[in-house]
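Residue numbers (this note's numbering): 1376 to 1705.
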């Protein structure tokens, strides 16, 4: 519902609450059971080991691991050094470690959002002002905020006195936003233009106000950001898709070349073991083991540049698609 668009009287009627009396204790408990606690939830976190293993699902990485294994066998049979297989595995492991580190940074960003949640809130219940845990707030609660407070939930303003709220954590706007219960806001207004609303996690920089809670937990605007940070996306970027296709073509080409060489060698009467070693050596040399490492390093450099601009990048390949962005709306 567009809480910022309808009149305050309609909001309180929809939420079935008297602004002067607030919810009763029993009604608040009933709504808590219905809507759940006012907290930012998250999916079960993966361990670093699980994240590390996931990095090996890429086609090119699988081919590199196969190349390292074959190269290792070749080195044993030909009694050569293990420089090449070790180098390939180091590249693979480095690629996985960088991927794990980047995902961990995204989780830290989610933790930072949780720290923006207010631990306590002042509410009106049963006609009296009370201090309750912010996690126990429910839609319909009447909250009171003043300078220095963190807004505990998304709320529609009912009364205000020179109220200004710092919404930089949500919108990126550094200048505090003026809030008023009488502000007329269009239905399609962006978050920064909803001057009759206050949002969870934002801090009151000036004045005081009274509002009715309209959304809690993951349904708040801050909760929606948390949901985006914890989402798992299986879609591939154009670069990932091209690398996967390249990996398949290289694998097929290497197999065909090995088969042809093996067949020619067999016809020429060359010993089978010698033919096999030649075929395997050709297959390994045909694989560009440095490509994944180069791509990872380039993407990592792009991530660091975005971090300097306070942008959170969860997956390294996402940096590639940012090159297509011309305008970022916030």
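C-beta atoms are modelled at their ideal positions from N, C-alpha and C, and glycine is treated no differently.
All of these numbers come straight from a predicted model, not from anything done at the bench.
Using a threshold of 8 Å, state whether the C-beta atoms of residue i and residue j are closer than that.
{"i": "residue 1531", "j": "residue 1589", "result": "yes"}
{"i": "residue 1582", "j": "residue 1573", "result": "no"}
{"i": "residue 1655", "j": "residue 1449", "result": "yes"}
{"i": "residue 1650", "j": "residue 1662", "result": "no"}
{"i": "residue 1463", "j": "residue 1446", "result": "yes"}
{"i": "residue 1618", "j": "residue 1376", "result": "no"}
{"i": "residue 1674", "j": "residue 1694", "result": "yes"}
{"i": "residue 1403", "j": "residue 1526", "result": "no"}
{"i": "residue 1596", "j": "residue 1510", "result": "no"}
{"i": "residue 1652", "j": "residue 1452", "result": "yes"}
{"i": "residue 1535", "j": "residue 1555", "result": "yes"}
Just the C-alpha distance for residue i and residue j, rounded to the nearest angstrom, thanks.
{"i": "residue 1379", "j": "residue 1465", "result": "55 Å"}
{"i": "residue 1439", "j": "residue 1575", "result": "47 Å"}
{"i": "residue 1519", "j": "residue 1678", "result": "41 Å"}
{"i": "residue 1394", "j": "residue 1521", "result": "17 Å"}
{"i": "residue 1538", "j": "residue 1553", "result": "6 Å"}
{"i": "residue 1550", "j": "residue 1410", "result": "33 Å"}
{"i": "residue 1533", "j": "residue 1598", "result": "23 Å"}
{"i": "residue 1672", "j": "residue 1472", "result": "12 Å"}
{"i": "residue 1568", "j": "residue 1426", "result": "40 Å"}
{"i": "residue 1469", "j": "residue 1384", "result": "60 Å"}
{"i": "residue 1400", "j": "residue 1540", "result": "29 Å"}
{"i": "residue 1424", "j": "residue 1562", "result": "46 Å"}
{"i": "residue 1620", "j": "residue 1414", "result": "43 Å"}
{"i": "residue 1406", "j": "residue 1388", "result": "16 Å"}
{"i": "residue 1508", "j": "residue 1523", "result": "17 Å"}
{"i": "residue 1499", "j": "residue 1467", "result": "58 Å"}
{"i": "residue 1416", "j": "residue 1602", "result": "8 Å"}
{"i": "residue 1408", "j": "residue 1460", "result": "58 Å"}
{"i": "residue 1570", "j": "residue 1542", "result": "11 Å"}
{"i": "residue 1557", "j": "residue 1600", "result": "28 Å"}
Tell me, which residues are paired with residue i by DSSP?
{"i": "residue 1496", "result": "1507"}
{"i": "residue 1425", "result": "In the DSSP output, where bridge partners are listed per residue, residue 1425 has none listed."}
{"i": "residue 1552", "result": "1540"}
{"i": "residue 1600", "result": "Beta-bridge pairing links residue 1600 to no other residue."}
{"i": "residue 1534", "result": "1585"}
{"i": "residue 1529", "result": "1590"}
DSSP three-state label for residue i, please.
{"i": "residue 1589", "result": "strand"}
{"i": "residue 1406", "result": "helix"}
{"i": "residue 1519", "result": "strand"}
{"i": "residue 1568", "result": "helix"}
{"i": "residue 1673", "result": "helix"}
{"i": "residue 1579", "result": "strand"}
{"i": "residue 1512", "result": "coil"}
{"i": "residue 1398", "result": "strand"}
{"i": "residue 1655", "result": "helix"}
{"i": "residue 1560", "result": "coil"}
{"i": "residue 1573", "result": "strand"}
{"i": "residue 1502", "result": "coil"}
{"i": "residue 1637", "result": "helix"}
{"i": "residue 1644", "result": "coil"}
{"i": "residue 1390", "result": "coil"}
{"i": "residue 1662", "result": "coil"}
{"i": "residue 1680", "result": "helix"}
Would you grab the beta carbon distance between residue i and residue j for me? Rounded to a whole angstrom, and I think it's under 8 Å.
{"i": "residue 1528", "j": "residue 1591", "result": "5 Å"}
{"i": "residue 1657", "j": "residue 1632", "result": "6 Å"}
{"i": "residue 1502", "j": "residue 1397", "result": "7 Å"}
{"i": "residue 1392", "j": "residue 1430", "result": "The Cβ separation is near 50 Å, so there is no contact."}
{"i": "residue 1625", "j": "residue 1577", "result": "No, residue 1625 and residue 1577 are not in contact; Cβ-Cβ is about 52 Å, not under 8 Å."}
{"i": "residue 1547", "j": "residue 1390", "result": "Actually they do not touch by this definition, with Cβ atoms about 30 Å apart."}
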